[in-house]
Amino acid sequence: MFGVPLTFAAPLALAALVALPVLWVLLRVTPPRPQRIHFPPLALVADLLPKRETPARTPPWLLILRILAAACLILAVAGPVWNPGGIGAASGRNPLLVILDNGVVSAVDWRDRLRAATDEIEAAARDGRPVALVASADAPAPFEARPPAAALERLRAIKPRPHLGDRAAHLASIGTFLERMPGASIVWISDGVRGAGEADVPKSLGELAGRHGSAVTVLKAERSPALALEGSPVQPGEKLAAQVLRAEANGRDTGLVRALDQKGLPLAESRFTLQPDARETTVTFDLPVELRNAIARLEIEGEHSAGAVVLMDERGKRRRVGLVFGGTLDQAQPLLAPTYYLAKALTPFADVQQPRGGQGTAESIGQMLDNQVSVLALADVGALDERTLARVEQFVDEGGLLLRFAGPRLAAGNDPLVPVRLRRGGRSLGGTLSWDRPRTLAAFGSESPFAGLNPPADIGVRRQILAEPDGDLPGKTWAALQDGTPIVTAEKRGQGLVVLFHVTADTTWSNLPLSGLFVDMLRRVVGLAGPSAKLSQGEGRPAKAALLAPRLTLDGFGALGSPPAGATAVPADFADRAGPDHPPGFYGAAEGGIAVNALAPGDRLEPLDLSALAGARMGSLAGAETLDLRALLFSLALALLALDTLAGLWLGGFLRPSGRAARGRAAPAALLLPVLVGAALVLAPPPARAQEPAANRPNGIESALNTRLAFIVTGDAATDAASRAGLSGLSQMLAARTALEPGEPVGLDPAKDELAFYPLIYWPIVAGRPQPSEAAIRKIDAFMRNGGTVIFDTRDAQTARANGPPTPETAYLRKMLATLEVPELEPVPPDHVLTKAFYLVDAFPGRLSSGQTWVETIPPATDGGERRPARAGDGVTPIIITGNDLAAAWALGRNGEPLYPVSGDQRQREMAFRGGVNIVIYTLTGNYKADQVHVPALLERLGQ
607 MFGVPLTFAA PLALAALVAL PVLWVLLRVT PPRPQRIHFP PLALVADLLP
657 KRETPARTPP WLLILRILAA ACLILAVAGP VWNPGGIGAA SGRNPLLVIL
707 DNGVVSAVDW RDRLRAATDE IEAAARDGRP VALVASADAP APFEARPPAA
757 ALERLRAIKP RPHLGDRAAH LASIGTFLER MPGASIVWIS DGVRGAGEAD
807 VPKSLGELAG RHGSAVTVLK AERSPALALE GSPVQPGEKL AAQVLRAEAN
857 GRDTGLVRAL DQKGLPLAES RFTLQPDARE TTVTFDLPVE LRNAIARLEI
907 EGEHSAGAVV LMDERGKRRR VGLVFGGTLD QAQPLLAPTY YLAKALTPFA
957 DVQQPRGGQG TAESIGQMLD NQVSVLALAD VGALDERTLA RVEQFVDEGG
1007 LLLRFAGPRL AAGNDPLVPV RLRRGGRSLG GTLSWDRPRT LAAFGSESPF
1057 AGLNPPADIG VRRQILAEPD GDLPGKTWAA LQDGTPIVTA EKRGQGLVVL
1107 FHVTADTTWS NLPLSGLFVD MLRRVVGLAG PSAKLSQGEG RPAKAALLAP
1157 RLTLDGFGAL GSPPAGATAV PADFADRAGP DHPPGFYGAA EGGIAVNALA
1207 PGDRLEPLDL SALAGARMGS LAGAETLDLR ALLFSLALAL LALDTLAGLW
1257 LGGFLRPSGR AARGRAAPAA LLLPVLVGAA LVLAPPPARA QEPAANRPNG
1307 IESALNTRLA FIVTGDAATD AASRAGLSGL SQMLAARTAL EPGEPVGLDP
1357 AKDELAFYPL IYWPIVAGRP QPSEAAIRKI DAFMRNGGTV IFDTRDAQTA
1407 RANGPPTPET AYLRKMLATL EVPELEPVPP DHVLTKAFYL VDAFPGRLSS
1457 GQTWVETIPP ATDGGERRPA RAGDGVTPII ITGNDLAAAW ALGRNGEPLY
1507 PVSGDQRQRE MAFRGGVNIV IYTLTGNYKA DQVHVPALLE RLGQ
């Protein structure tokens, strides 16, 4: 307004300012103060003055005070809003075009982006300008200027998209809009990242704006804050690795990448560090192959963006490959054995295993099959005994991949585990064919798994095993020499696959194992192992890629959910980045489906170069917060009116003390007091409300929405402090070691507070305190009946004697429990589910360790029944009694230091935490650990 960042919600109210001069005139005159006189007539006559009095004028300072109060009230009613310093569209009456980037990297600062767009549209509404809105990652479509209210509704419907935007696709519709609306202002709220093929977008937009006389304003973060993960993690050596990307140095140099399974449970995490000027770094996970293959998702913690998520399918899993060499022990030497070359080629992408010890071929194959390998590679293995042959055939029928390499033993053997019939016998019959000049490989066919690989010209094959001519031979051939002789053949058997390289795995028959092509061919072959292998029945040729429907997809914030209506199926060999029709997610069945990611392998985040956008104004995405001045003006008017009231009382003599001297001394003080009071009302901040900690509001909504541990407030300050610190320390351990993240512990008064919010209540016994009321006992009884658990801790293990009189704490507890329906109790048996709920423990120590822990008696194991490592009753024990002072062992300070010593070593404190974790997990999950499904895992952990 008039070049000042000040606007009014009701500008017509400012018309009342014209009445201020009239108010000035009316306030100038005030009647004289009435004079008190005594009633006696003579005194009245004596005091009469012969002259005529005239009204006195209002003092100028009081007049100014009243005018200012009136002006403040008028301005406050007009609804003033202060809009400081932000750079946006120039004011005017021309339409406004807002271009909002909502691609895959926009989610990280989406709120700032949305606020900037809202501010621009609201500013256009105040100026009476129509608004057009374009989301750069949405499908391009014609658009037109609409009223600001409709544009705000459209803005609320825009969400970040889980794929890269295509700004270039919107240039045509933007040009059409500018032709209809020349001179329209353009505000581009950019994410600062260049999309694929968008290098010329700023230049093209600048040309369109210049051609139609439009001013362009670009709002963006000073540095693009987005972080992303490369679409396909690489697996160098034994570690799973992924690339963390950013468009430019943005100060976010450290972070955490988490690996999750299909249920979203964390399996591992790895911290990454970017150099201050670096744009990418590698993060690695060193995990066993079982855990590595269970990973379904990698994500950057706290990023909440589809670009910061990598989904993994069967293609990204690391296969376990077993290598067996049919030669003698003296041939199995580095640089001599075929398995040496195979191991070097397979290690970058597979978990390679070889037999241990000097065993025969049959025993080595059996050992690999016992290790549950996905691929069994046999290098020059000839005839197999019937038992081993049957095991290998079963392995292939059940989905395994058998990879064989030729050699003298295979040429002399005669087993059925080959994809094609081979020519056997001596050289005269062509069993092994030799050439004077090595043959080279022909180009791979389009239907071969090796399609796309380029055979080097220096590959030479000197010797090979020939295949018998057959009508099915072309369909089983994956690679051939230039004269058409098959060099790699394959056949599907049952659910598995048999692949044969017609040359050796070492360099005796060819130099193929010395080339990079050998590594790429093995990578393709191993990738066919498992559910992702898609081969037509009876052939070794890959089936045509089937279409896979979307099963779960990511939204723009990286959350998995149901596919949107516009998501379409992808071919089974889809390897591109996600797009509008194919959002990132899982496609196909849970077993054998594929994952589509927001970024493709090799994608990098590049900063958007806006230098070609000549004449554009640049502004910060953050901007400045608007300030509503109504509250300030109303407060100022109220303060001025209070000053006017005090001034009127003073001028009327009601605040003046008797006596001329006293009046002279009191006048400045009387004036100063109202000034100070008014200044305090205007300038003082609003009174701070005392925010009671959530832990002190046991009946608040937080207790219903967040799991918390609770303790009974005994009234003894030291005991209550130990209880709070102990449960707080246990909550920290639960958050660090389990999936549970409890809130702050809460102290309860059982007679007043609601207990149903809390699964577990800790009650330390203090002998000198009064017994709980009958109402408190009844509430505790109802709590235990409805599934809650109470830990009664007498903390007297050091003074209690087995056959001696009860301690004061025990006597207090017995009296308190006398009216409760306490079930039959027993010491925690070794096979109680409580000892195996999370950790395997055999005792529950605290600060003390000699006390016994009692729980509800569970039914005994039936004779002749199936042995189980964990027993449980029908529910959770409602009562746990101990004397080991658990809370003191759990208590931790602000820096994680123990607050109380324990009677033993630090191992005792660790076992106290483990016992506490078991108790909490047990109370939350019940006796599920006693189910039959957990028996094998528990027996394995127990070494049985």
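Every position in the sequence shown, counted from 1, becomes a number in my numbering once 606 is added. Positions of the beta carbon are idealized from the N, C-alpha and C atoms, including for glycine. Just so it is clear, the structure is predicted and the values come from calculations on it, not from any experiment.
{"query": "Contacting residues, own chain, Cβ-Cβ under 8 angstroms from R858 (five flanking each side not counted)", "result": "P831, L833, R852, L880"}
{"query": "Which of helix, strand or coil DSSP assigns to T1395", "result": "strand"}
{"query": "Whole-Å CB distance - G709 paired with L917, under 8 angstroms assumed", "result": "Not a contact, Cβ separation roughly 18 angstroms."}
{"query": "Helix, strand or coil at K950 according to DSSP, with G and I counted as helix", "result": "helix"}
{"query": "Whole-angstrom distance between A1178 and R864, CA atom to CA atom", "result": "27 angstroms"}
{"query": "Short Cβ contact (7 angstroms threshold) for R1453 with D1511", "result": "no"}
{"query": "As assigned by DSSP and simplified to three states, the class of Y1528", "result": "helix"}
{"query": "One or two residues paired with R903 in a DSSP bridge", "result": "L866, L917"}
{"query": "Pick from D1399, S1121, E804 that is closest to K950, judged by C-alpha positions", "result": "S1121"}
{"query": "Opposing strand residues paired with M1224 [DSSP bridges]", "result": "V824"}
{"query": "At least three beta-carbon pairs within less than 8 angstroms, the stretch 972-992 to the stretch 1162-1175", "result": "no"}
{"query": "Closer than 7 angstroms to chain B by CB, E1360", "result": "No chain B appears in the structure shown, which is made up of a single protein chain."}
{"query": "Host alpha helix (DSSP H) of A1017 (start-end)", "result": "1014-1018"}
{"query": "Neighbourhood of G1066 by C-beta distance below 8 angstroms, restricted to the same chain and skipping five residues each side", "result": "P1044, R1045, T1046, S1116, N1117"}
{"query": "Cβ-Cβ distance between V1131 and V1105 below 7 angstroms", "result": "yes"}
{"query": "Check whether L1160 and A914 have beta carbons under 7 angstroms apart", "result": "no"}
{"query": "contact_flag[the stretch 729-743, the stretch 764-777] where n(CB pairs < 8 angstroms) is 3 or more", "result": "yes"}
{"query": "Per DSSP, cross-strand counterpart(s) of K1098", "result": "L1103"}
{"query": "Residue closest to L1246, alpha-carbon to alpha-carbon, out of A619, A675, W667", "result": "A675"}
{"query": "Buried/exposed call for T1483, threshold 16 Cβ in 10 Å", "result": "buried"}
{"query": "CB contact flag (R1010, L984, <7 angstroms)", "result": "yes"}
{"query": "Contiguous beta strand (DSSP E) assignments of at least 3 residues, all confined to the stretch 1478-1514", "result": "1485-1488"}
{"query": "L1154 beta carbon less than 7 angstroms from that of Y1193", "result": "yes"}
{"query": "One or two residues paired with F1011 in a DSSP bridge", "result": "A985, F1107"}
{"query": "Stretch pair the stretch 814-821 + the stretch 752-763: three plus CB contacts closer than 8 angstroms", "result": "no"}
{"query": "Rounded separation between G1031 and V979 - CA only", "result": "Below a pLDDT of 50, predicted positions are generally treated as unreliable, and G1031, at 46, falls in that range; no measurement from the model is reported."}
{"query": "For S1116, three-class secondary structure by DSSP", "result": "strand"}
{"query": "Q1514 versus H1438: straight-line alpha-carbon distance, rounded", "result": "21 angstroms"}
{"query": "Span of the alpha helix (DSSP H) around Q973", "result": "967-976"}
{"query": "Beta carbon of G1335 nearer than 7 angstroms to that of W1496", "result": "yes"}
{"query": "For I680, the first and last residue of its enclosing alpha helix (DSSP H)", "result": "666-683"}
{"query": "The beta strand (DSSP E) enclosing Q1070, as first and last residue numbers", "result": "1067-1071"}
{"query": "Nearest-angstrom Cβ-Cβ length linking E1074 and L1028, presumed shorter than 8 angstroms", "result": "7 angstroms"}
{"query": "Cβ contact (3+ pairs, closer than 8 angstroms) linking the stretch 751-760 and the stretch 721-741", "result": "yes"}
{"query": "Distance, E1097 Cα to A1085 Cα", "result": "13 angstroms"}
{"query": "For P1156 and E802, the rounded distance between their alpha carbons", "result": "The amino acid at residue 802 is misidentified as Glu; the sequence shows Ala. Roughly 24 angstroms separates the two Cα atoms."}
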